[in-house]
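Quick note, the sequence shown lines up with residues 46 to 257 if you use the working numbering.
Scroll down for the structure; my scribbles are underneath it.
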Amino acid sequence: MTSILILGAGGQIADQAIDLFLQETDVQLTLYLRNANRLKKYESNRARLVEGDVLDHTTLRESMEGQDAVYANLSGDDLEDQAKAIVGAMESTGVKRLIFISSLGIYDEVPGDFGKWNNRTIGEYLGPYRKSVDVIEASNLDYTVLRPAWLTDYDEIEYEVTEKGEPFKGTEVSRKSVAALVVKLIESPDLHVRGNLGVNKPNTDGEKPAFY
Numbered sequence: 046m047t048s049i050l051i052l053g054a055g056g057q058i059a060d061q062a063i064d065l066f067l068q069e070t071d072v073q074l075t076l077y078l079r080n081a082n083r084l085k086k087y088e089s090n091r092a093r094l095v096e097g098d099v100l101d102h103t104t105l106r107e108s109m110e111g112q113d114a115v116y117a118n119l120s121g122d123d124l125e126d127q128a129k130a131i132v133g134a135m136e137s138t139g140v141k142r143l144i145f146i147s148s149l150g151i152y153d154e155v156p157g158d159f160g161k162w163n164n165r166t167i168g169e170y171l172g173p174y175r176k177s178v179d180v181i182e183a184s185n186l187d188y189t190v191l192r193p194a195w196l197t198d199y200d201e202i203e204y205e206v207t208e209k210g211e212p213f214k215g216t217e218v219s220r221k222s223v224a225a226l227v228v229k230l231i232e233s234p235d236l237h238v239r240g241n242l243g244v245n246k247p248n249t250d251g252e253k254p255a256f257y
C-alpha cells in the first residue's frame with residue numbers, strides 16, 4: 046500500500062487532494078501541518094496527523110521515514126529554506142518521489158497582457174518560489190514541479206499542462222484540477238518525472254482571470 050506525506054496539508058489545494066486520495070485511492074496519508082487541529086476531521090486509520098514546521102528537521106525526517114512519496118504545498122518568504130529541508134530529509138531517508146507546488150510566472154513564461162498583469166500583481170512574491178524550485182531541480186529526486194494558473198474554487202476537473210520553456214497557457218485553473226493532477230502523479234510514479242509543468246484550464250486566455 047502506498048504511503049504519502051503531505052506537507053502543508055492545511056492548504057486549499059491539499060484539502061482537495063486529501064479528499065480525492067481518500068475517495069479514489071487506497072493510499073495511506075500522513076498530514077503534516079503547523080496546527081493539526083485544523084484537520085482533525087481526517088484523522089482515521091488511513092490518515093495520520095503530524096503537527097510540525099517543515100524547518101523542524103527532526104520531526105520532518107521522522108515523518109518521512111517509510112513514505113513512498115512526498116507532496117509539498119507550501120508558501121512563505123523562507124520557501125527556499127523549506128525546499129532545502131525537504132530535499133535533505135528525502136535524501137537522508139531514501140524517499141525519491143516529490144510533487145512540489147510552485148507558481149506561474151517564476152520564469153517570466155506568461156506571455157502577453159496577462160503576463161504583464163501577473164507580474165504587476167504578484168511579481169514581487171515570486172522570488173522565493175523560483176529559488177525553491179531551483180533547489181528541487183538541483184537535487185537527485187524524482188520530482189515533478191507544478192506551476193498552477195490563478196486558482197478558483199470551481200467544482201471541476203479540467204486542465205492542460207505546458208512544459209518548462211514553453212509559453213504558459215490560460216489564466217486560471219481550479220484547485221480541484223491541480224489536486225487531481227497531484228493524485229494522478231502519485232498513482233503513476235513514472236509520469237512527468239523531473240518535469241516542471243504549467244497547469245491551466247483550457248480556453249481561459251485573457252488579460253487577467255475572469256473572476257478578478
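Even for Gly, the Cβ is constructed at its ideal location relative to N, Cα and C.
Predicted model, so just to flag it, every value in this text is computed and none were measured.
Report all residues from its chain with a CB closer than 7 Å to the CB of residue i; omit the five preceding and five following residues, and keep chain order.
{"i": "Leu119", "result": "Leu52, Gly53, Val99, Gln127"}
{"i": "Glu205", "result": "Lys214, Asn245, Pro247"}
{"i": "Trp162", "result": "Glu252, Lys253"}
May I ask you to report which of helix, strand or coil DSSP gives residue i?
{"i": "Ala62", "result": "helix"}
{"i": "Phe256", "result": "coil"}
{"i": "Glu96", "result": "strand"}
{"i": "Arg83", "result": "helix"}
{"i": "Ser137", "result": "helix"}
{"i": "Leu78", "result": "strand"}
{"i": "Gln112", "result": "coil"}
Among residues of its own chain, excluding the 5 on either side of residue i, which ones have a beta-carbon nearer than 8 Å to its beta-carbon?
{"i": "Ala255", "result": "Thr216, Glu217, Thr249"}
{"i": "Ile151", "result": "Leu171, Tyr174, Arg175, Val178, Arg192"}
{"i": "Lys129", "result": "Val180"}
{"i": "Asp200", "result": "Ser219, Lys221"}
Using C-beta distances below 6 Å, list every residue in its chain close to residue i, excluding the 5 sequence neighbours before and after it, in chain order.
{"i": "Val238", "result": "Asp187"}
{"i": "Gln112", "result": "Ser48, Leu50, Val140"}
{"i": "Gln57", "result": "Arg220"}
{"i": "Pro156", "result": "Pro212"}
{"i": "Gly55", "result": "Leu78, Arg83"}
What are the boundary residues of the alpha helix (DSSP H) that residue i is part of?
{"i": "Pro173", "result": "172-182"}
{"i": "Arg106", "result": "102-109"}
{"i": "Asn118", "result": "Counting along the chain, Asn118 falls outside any alpha helix (DSSP H), and DSSP gives it neither H nor E."}
At which residues does the beta strand (DSSP E) containing residue i begin and terminate?
{"i": "Gly240", "result": "240-245"}
{"i": "Leu52", "result": "48-52"}
{"i": "Arg142", "result": "142-146"}
Is any heavy atom of the ligand NAP found at a distance shorter than 8 Å from the C-beta of residue i?
{"i": "Gly111", "result": "This structure lacks the ligand NAP; in fact it carries no ligand of any kind."}
Does the pairing of the segment 171-183 with the segment 102-112 give three or more beta-carbon distances under 8 Å? no
Are at least three pairs of beta-carbons, each pair with one atom in the segment 134-146 and one in the segment 70-82, less than 8 Å apart? no
On the three-pair Cβ rule with 8 Å, is the segment 219-230 touching the segment 55-63? yes
For the segment 141-151 and the segment 82-100, state whether three or more C-beta atom pairs, one from each stretch, are separated by less than 8 Å. no
Can you give, in chain order, each stretch of the beta strand (DSSP E) that sits fully within the segment 188-234 and has at least 3 residues? 195-197, 205-208, 217-219
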